[in-house]
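To start, the structure under review is shown below, and the notes come after it.
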Amino acid sequence: MLKRDQEIVFEAINQNKESFEFASEELLCDKEFLLKLIKLGCRDVFRYVLTEIIEDREFVLRAIKLNGPSVSGSCFTSDREIMLEAVKSNGYALYYASEELQQDAELVMEALKCNGFVLEYSDELLQQTMEQCYFGAYLGIP
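Using the UniProt record's numbering, the letters of the sequence shown correspond one by one to residues 1 to 142.
Given below as structure tokens:
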């Protein structure tokens with residue numbers, strides 16, 4: 001019974017962010033409840049919810065706007081639009097992007113704008129960053 005009471009569950013989550021996994025199935029099917037969890041910074045929320053929710057593109061977009069890395073458990077890590085929103089929210093979301101998207105210049109630059117420490121997630125990121133730094137600079141070499 002306590003597992004269904006949102007106030008009690010939120011109190012438990014404030015004590016321990018991982019305790020949401022003990023919430024009732026009913027609460028874990030409530031998209032608004034899940035968005036509150038994501039906003040609180042609970043990790044791996046998508047591991048505990050129904051597939052229909054994980055595959056709901058609009059819900060995932062709403063979730064990543066609250067917390068970019070929440071995309072980690074979704075099936076949209078190869079979706080450019082979703083991953084672009086994720087890295088705009090938090091540059092570390094680049095870590096969860098597909099290998100192809102980790103090489104996407106626009107995603108990489110957005111991740112850098114948000115968090116300069118994402119270099120470790122893309123092997124070509126440093127080269128792209130250097131190109132951006134020198135973009136438009138003429139060195140006099142034909």
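C-beta atoms are modelled at their ideal positions from N, C-alpha and C, and glycine is treated no differently.
- Under the DSSP assignment, arginine 62 falls in the alpha helix (DSSP H) whose first and last residues are 57–66.
- If you draw a 10 Å sphere on the C-beta of serine 74, you find 16 or more other C-beta atoms in it, and that means buried.
- Just so you know, the alpha carbons of serine 24 and glutamate 52 end up roughly 17 Å apart.
- Its chain contains Thr77, Ser78 as the residues whose beta carbon lies nearer than 6 Å to that of serine 98, once the 5 sequence neighbours on both sides are disregarded; these appear in chain order.
- Relative to the Cα of leucine 50, the nearest Cα in the group Ser72, Glu26, Asp5, Cys42 belongs to Glu26.
- For leucine 84, the secondary structure class from DSSP, reduced to helix, strand or coil, is helix.
- Separation of tyrosine 92 and glutamate 21 (C-alpha to C-alpha, rounded to the nearest whole angstrom) is 23 Å.
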